[in-house]
Amino acid sequence: MEHFIETIGRNMFAIFGVMALGGAAVVVASRSAVHSVLAFLFAMLCIAGCFLALEAEFLGMAQILVYAGGIVVLFLFVVMLVEVTKAKEKEVFQLQSRYAIGAVLLGVAAFAAVFRKVIFGVASPQALKLPENLAQGLNVAQQNAQAVSRGLFAGYLLPFEILSVVLLVALVGAVVLAKTERV
Amino acid sequence: MPTPTLLQSIAITLIQCVLVVLFVFVVVPLTVFAERKVLGHIQQRLGSTRVASGHIGVTGWMNRGMWKWGRIPVLSYWRGIPGLVADVLKLILKEDIIPAKADKFVFFIAPAISMVSAVVVFAAISFVPGTFFIFPAWFPGLGGLPVSGGIADINVGLLWILGVASVGVYGIVLAGWASNSKYPLLGGLRSAAQMVSYEVPLAISLLAPVVLTGSLNFGEMAQRMATGTSAWGLVPQVFGFLIYLTCGFAETNRLPFDMPEAENELVAGFHTEYSGMKFGFFYLAEYINMTVVSALAAGFFLGGSWLLPFGLQGLVNQLLPADAWIAGPHAIFFVAKIIFLLFTYIWVRGTIPRYRYDQVMSVAWKYLIPLALVNLLLAAFVRCAV
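Protein chains in written order, with this note's numbering: chain A, 769 to 951; chain B, 1374 to 1759.
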């Protein structure tokens, strides 16, 4: 019993990964757009589980907060509004099973290629690492959020800020596109 | 103290989960009862008295006496408590109707999502500082092992709470969609927009105490508030607290922000087509969410979860000897703060009329988000200055 539970605990990452892939397959294969979004939510939560299994607590929580709690809700919002045009939706949503198989095979292959060590080998996942000068006085394995924030705001501040500007560009672009009629 | 093995720690966690669920199932009906009574007295009536133990107990005896004297029995505060049992029985026994054109799977899973995401939040909230109780030595398998006051005292507790609570939106949105009916759909759409909007100022207003104390962990935060920042518990964060409370009301779909179910516009909003225990799950989830919002407010704005509010703890510690029961952190303060905030919920419900939908959205985006950002900026300045 004890041994069994320990085995499950060690392979948590693979379990969540397979579940996330299953969810992703349902996203592509499902006939109803809302079911797709539900499966997408499931996949996102499983990816958060993967992060947790790698002891990246902060990333896992951010994954739940940003993707599951924010972005997928907006997906659902849009899909619920689009659902009104039933005929068009059927056209779009009935041809995709072969794409689904292809996508899933590709996903499984990529998953296996990246994480073959975790699945087939005995290698345990590596803990988060910071450059020596940044990790001073910090227990990286325990203080995840602090480690990430040091990385972002001390080590890689410029790339981080540039990234946020890129996101801002997307935001402004969306506003411009949405407002074209009124300008 | 012996360290538990893997199996034992799993068993302890399961016991903690059962305790949390029990806590929830005790708090929620009592809140419902308090709501009926308090709302009744706010509106100058008695509240629920129909199913009452009028003939047994001290209050029943006093009430009968007052009726005999020709007075209205104002002592009837406890009348109606048996009505709670009747209510629960009604919810469980009522026929479970699924509309013919509903999406069966989504219709089934929506209340479950609401309920689960509301309960799971409690994993990161510690009710009692340190050890809750120690199993007696005779207990089979677990003798002498400590049970801590929170299920998982994780490092990023605040993020866990916010993240899981934000998943609760799906319950309402999907319920609205799966019912395949106009009013629920409108309610679902409203709730998607409203809850995503109010999450932003809610999270930003919670960040201010995090910046002041420098921790995302629920227990550690209370500790730091006790030692270093006792006076910062509420007084400088009073705007943050008000912003947080407003957003909390909106997030839990309570009046004056109950847009998803505004009953004089949308029949009953997202749960129009629900009946029986499926409706009961939405009902439970709403009250559990209220408790969670109150618990968070107690921990973040009312001076740490197990301490006296307003920085009084520091004063008490100076005046009283260190072994006085009030000197240390105490679970009673936590529960008292939660009860007070739940009362505030009911109080506001009885006082403020419902906003219009466009007003709700403009309050969030035009006022609360800028105010919350300014508040965060001020908190950062205070942190740098001190």
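Ideal Cβ placement from N, Cα and C applies to all residues, glycine included. All of these numbers come straight from a predicted model, not from anything done at the bench.
- Judged by DSSP in its simplified three-state form, B/Val-1546 adopts helix.
- Listed in chain order, the non-local C-beta contacts of B/Val-1583 below 7 Å within the same chain comprise Leu-1531, Leu-1589, local neighbours out to five positions each way being set aside.
- Under a criterion of Cβ atoms nearer than 7 Å, the residues of chain B adjacent to A/Met-829 are, in order, Val-1529, Leu-1532, Trp-1533, Gly-1536.
- Between B/Val-1540 and chain A, the shortest Cβ-Cβ separation is below 8 Å.
- A/Ala-793 is the residue among A/His-771, A/Val-933, A/Ala-793 whose C-alpha sits nearest the C-alpha of A/Tyr-867.
- Residue contact with chain A for B/Tyr-1617: absent (no Cβ-Cβ distance below 8 Å to any residue of chain A).
- Against chain A, the CB of B/Trp-1550 has a partner CB under 8 Å away; the residue lies at that interface.
- The beta carbons of B/Ile-1616 and B/Ala-1671 sit no closer together than 8 Å.
- Within the DSSP secondary-structure output, B/Thr-1386 pairs in no beta bridge.
- Nearest to B/Pro-1519 by C-alpha distance, out of B/Thr-1378, B/Asp-1631, B/His-1703, is B/Thr-1378.
- For B/Pro-1557, the enclosing alpha helix (DSSP H) stretches over residues 1555-1586.
- Annotation: the continuous alpha helix (DSSP H) that includes B/Val-1489 extends over 1477-1493.
- For a Cβ distance threshold of 9 Å, residue set Met-769, Glu-770, Ile-773 of chain A lies close to B/Leu-1380, ordered along the chain.
- In this structure, DSSP gives B/Thr-1504 an extended state, which the three-state scheme calls strand.
- Residues of chain B whose Cβ lies closer than 9 Å to the Cβ of A/Leu-936 do not exist, since the nearest Cβ in that chain is about 16 Å away.
- With contacts defined by Cβ atoms closer than 8 Å, A/Ile-815 and A/Ala-788 form a contacting pair.
- Of the other Cβ atoms in all chains shown, 16 or more fall within 10 Å of the Cβ of B/Thr-1645; this residue is therefore buried.
- C-alpha of B/Gly-1561 to C-alpha of A/Leu-873: approximately 36 Å in a straight line.
- Spatial neighbours of B/Val-1479 in its own chain (CB-CB distance under 6 Å, excluding positions within 5 residues in sequence) are listed in chain order as Leu-1547, Ala-1551.
- For B/Val-1520, the enclosing beta strand (DSSP E) stretches over residues 1519-1521.
- Chain-ordered listing is empty here: chain B has no CB closer than 9 Å to the CB of A/Glu-823, the nearest sitting near 10 Å.
- Using a CB distance cut-off of 8 Å, B/Ala-1753 does not count as an interface residue toward chain A.
- In this structure A/Leu-842 is exposed. Its beta-carbon is surrounded by fewer than 16 other beta-carbon atoms within 10 angstroms.
- Boundaries of the alpha helix (DSSP H) harbouring A/Gln-914: 912-918, taken from the DSSP string.
- Residues are counted here when their Cβ sits less than 7 Å from a Cβ of chain A; for the region 1577-1593 of chain B these are Leu-1589, given in chain order.
- In the three-state DSSP reduction, B/Lys-1651 falls in the helix class (H, G or I).
- Inter-segment contact for the region 1451-1470 of chain B and the region 1488-1495 of chain B is absent: fewer than three beta-carbon pairs are separated by less than 8 Å.
- Exposure of B/Lys-1441 is indicated by the presence of fewer than 16 other C-beta atoms within 10 angstroms of its C-beta.
- Scanning B/Ile-1482, B/Ala-1565, B/Leu-1535, B/Met-1650 for the CA closest to the CA of B/Asn-1662 turns up B/Leu-1535.
- Of the candidates B/Phe-1612, B/Thr-1619, B/Ala-1668, B/Tyr-1660, the residue whose Cα lies closest to the Cα of B/Met-1488 is B/Tyr-1660.
- Less than 8 Å separates the beta-carbon of B/Val-1666 from that of B/Glu-1624.
- With contacts defined by Cβ atoms closer than 8 Å, B/Leu-1419 and B/Met-1650 do not form a contacting pair.
- Per DSSP, A/Met-769 is not a residue of any alpha helix (DSSP H), being assigned neither H nor E.
- The Cβ of A/Val-795 sits no closer than 8 Å to any Cβ of chain B.
- Judged by pairs of C-beta atoms under 8 Å, the region 1497-1512 of chain B does not touch the region 940-949 of chain A, as fewer than three such pairs exist.
- Around the beta carbon of B/Asp-1476, 16 or more other beta carbons lie within 10 angstroms, which makes this residue buried.
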